[in-house]
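In what follows, a single structure is set out as structure tokens and then discussed.
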Amino acid sequence: MSKIRIVTDSSITIEPELVKKYNITVVPLSVMVDGVIYSDSDLREEGRFLEMMKHSKELPKTSQPPVGLFAETYENLVKEGAEQIVAIHIMHTLSGTCEASRQGASLSGADVTVIDSGFTDQCLKFQVVEAAKLAEAGASLDEIVAHVEEVKNKSELHIGVSTLENLVKGGRIGRVTGLLSSLLNIRVIMELKDYQLNTIAKGRGAKTFTKWLDSYINGIKDKDRKVAEIGISYAGTPNLAHELAEKLEVLGAPISILETGSIIQTHTGEGAFAVMVRYE
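In the numbering used here, each number is its position in the sequence shown, counted from 1, plus 145.
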């Protein structure tokens with residue numbers, strides 16, 4: 146077993162088999178629905194959280210893992226034989242998870258390197274899985290950290306939302322530039338770049354999303370960029386995700402289609418999707 150262990154948080158959207166295969170530790174965030182606190186890891190059944198959110202009296206509230214949970218996690222990994230730990234998390238502008246992880250590491254006394262992924266969801270997965278592969282292959286801490294930075298710099302995340310209501314209620318609209326918050330019922334495409342969500346396209350019709358994607362794909366082809374992998378995450382039904390995947394197949398990279406977790410769904414609302422690309 147590798148002496149370097151990889152830790153992340155449950156804002157990651159990842160296939161359970163990859164977590165098991167690469168021995169990745171996922172520390173859960175929590176979400177409060179109508180006064181009841183749930184561990185994000187207990188809400189992974191397809192469609193369950195969205196149904197709960199639809200019937201809740203107010204928008205659910207998300208919380209980063211407690212410092213003590215991180216400390217306990219790191220202590221347990223050391224007991225299992227970990228000599229060094231690399232923790233890769235949701236970006237700091239969306240959650241306080243990175244800081245909680247750092248404090249937990251300090252309390253535990255373990256040798257932990259905490260990395261702000263600059264992303265979340267499957268873009269976080271890109272970094273975590275690459276780090277875990279290197280750890281399994283016996284790479285050094287410096288090699289893993291350098292490669293994670295490279296993966297981060299070669300990744301892009303675009304999100305499409307069908308309503309701005311959840312972003313407004315959750316206080317995330319302040320991190321979305323170029324929008325009037327009164328325009329709630331428009332379809333919006335945003336790019337997550339430099340720790341901020343920036344609006345790049347908007348419209349009222351259902352074709353807003355596919356029109357943007359056609360333009361995005363053409364841009365990649367025009368620059369002759371080689372794509373290593375693609376992730377598509379969705380909140381609600383997977384129909385649009387599969388429609389987007391059909392278009393993205395032209396880029397010749399493996400595509401992973403997954404339902405995003407409760408942490409992301411709380412802020413995006415139903416009908417949202419994300420397209421994430423990692424370049425070679």
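Beta carbons: idealized from backbone N, C-alpha and C, even for Gly.
> Do you know whose CA, among Lys352, Cys268, Tyr167, lies nearest Leu337's CA?
Replying inline: In the sequence shown, the residue the question calls residue 337 occupies position 192. Per the Cα distances, Cys268.
> Taking the Cβ atom as the reference point for each residue, do Val296 and Ala232 lie within a distance shorter than 8 Å?
Replying inline: Along the sequence shown, one-based indexing puts residue 296 at 151. Along the sequence shown, one-based indexing puts residue 232 at 87. It is not a contact, given that the beta carbons lie outside the stated cut-off.
> Assuming Ala346 contacts Ala380 under a Cβ cut-off of 8 Å, what Cβ separation, rounded to an integer in Å, is found between them?
Replying inline: Numbered from 1 along the sequence shown, position 201 holds the residue referred to as residue 346. Numbered from 1 along the sequence shown, position 235 holds the residue referred to as residue 380. The Cβ separation is near 19 Å, so there is no contact.
> If you count every other CB in all the chains shown that lies within 10 Å of the CB of Ala419, and 16 or more means buried, which is it?
Replying inline: Taking the sequence shown and counting its residues from 1, the one referred to as residue 419 is at position 274. It is buried - the Cβ of Ala419 has at least 16 other Cβ atoms within 10 Å.
> Measuring CB to CB, does Ser401 end up less than 8 Å from Gly376?
Replying inline: Numbered from its first residue, the sequence shown carries residue 401 at position 256. Numbered from its first residue, the sequence shown carries residue 376 at position 231. Result yes, Cβ atoms of Ser401 and Gly376 sit closer than 8 Å.
> Considering only C-alpha positions, which residue in the set Gly350, Asp187, Arg332, Asp179 is nearest to Thr344?
Replying inline: Position 199 of the sequence shown holds residue 344. Cα-wise, what sits closest to Thr344 is Arg332.
> Which residue or residues does DSSP assign as beta-bridge partners of Ala346?
Replying inline: As a first step, residue 346 must be located in the sequence shown, where it is residue number 201. Ala346 pairs with Ile334.
> What is the DSSP secondary structure of Lys206, reduced to helix, strand or coil?
Replying inline: As a working mapping, residue 206 is identified with position 61 in the sequence shown. In this structure, Lys206 counts as strand in the three-state DSSP scheme.
> Around the C-beta of Glu374, are 16 or more other C-beta atoms found within 10 angstroms, so that it is buried, or is it exposed?
Replying inline: Translated into the one-based positions of the sequence shown, residue 374 becomes position 229. Buried, since its Cβ has 16 or more Cβ neighbours within 10 Å.
> What's the gap between the Cα of Val223 and the Cα of Asp266?
Replying inline: For the purposes of this step, residue 223 is taken as residue 78 along the sequence shown, with counting starting at 1. For the purposes of this step, residue 266 is taken as residue 121 along the sequence shown, with counting starting at 1. Rounded to the nearest angstrom, the two C-alpha atoms are 27 Å apart.
>> Is it buried or exposed, Thr411, if we count other Cβ atoms within 10 angstroms and call 16 or more buried?
In response: Taking the first residue of the sequence shown as position 1, residue 411 is located at position 266. The residue is buried, with at least 16 neighbouring Cβ atoms inside 10 Å.
>> For His427, count the other beta carbons within 10 Å of its own beta carbon; 16 or more makes it buried, fewer makes it exposed. Which is it?
In response: No statement about residue 427 is possible, as the shown extent of the chain runs from 146 to 425 and does not include it.
>> Just to confirm, is the Cβ distance from Ile235 to Ser156 under 8 Å?
In response: Within the sequence shown, numbered from 1, the residue matching residue 235 stands at position 90. Within the sequence shown, numbered from 1, the residue matching residue 156 stands at position 11. Yes; because the gap between Cβ atoms is below 8 Å, this pair is in contact.
> Taking buried to mean at least 16 other C-beta atoms within 10 Å of its own C-beta, is Gln341 buried or exposed?
Replying inline: If you number the sequence shown from 1, residue 341 lands on position 196. The residue is exposed, with fewer than 16 neighbouring Cβ atoms inside 10 Å.
> Hey, quick one: how far does the beta strand (DSSP E) through Ala232 stretch, first residue to last?
Replying inline: Residue 232 sits at position 87 when you count from the first residue of the sequence shown. Residues 229-234.
>> With a threshold of 6 Å on Cβ separation, who are the neighbours of Ser300 within its own chain once the five nearest residues in sequence on each side are excluded?
In response: As a position in the sequence shown, residue 300 is number 155, starting the count at 1. Hits under 6 Å: Cys268, Phe271, Arg423.
> Using the beta-carbon count (16 or more within 10 Å), is Arg150 buried or exposed?
Replying inline: Locating residue 150 in the sequence shown gives position 5, where the first residue counts as 1. Buried: at least 16 other Cβ atoms inside 10 Å.
> Is the distance from the Cβ of Val172 to the Cβ of Pro205 below 8 Å?
Replying inline: Indexing the sequence shown from 1 puts residue 172 at position 27. Indexing the sequence shown from 1 puts residue 205 at position 60. The answer is no: Cβ separation not under 8 Å.
>> Please identify the residue among Lys371, Val273, Leu393, Lys199 whose C-alpha is closest to the C-alpha of Thr170.
In response: One-based indexing of the sequence shown puts residue 170 at position 25. Closest by alpha carbon: Val273.
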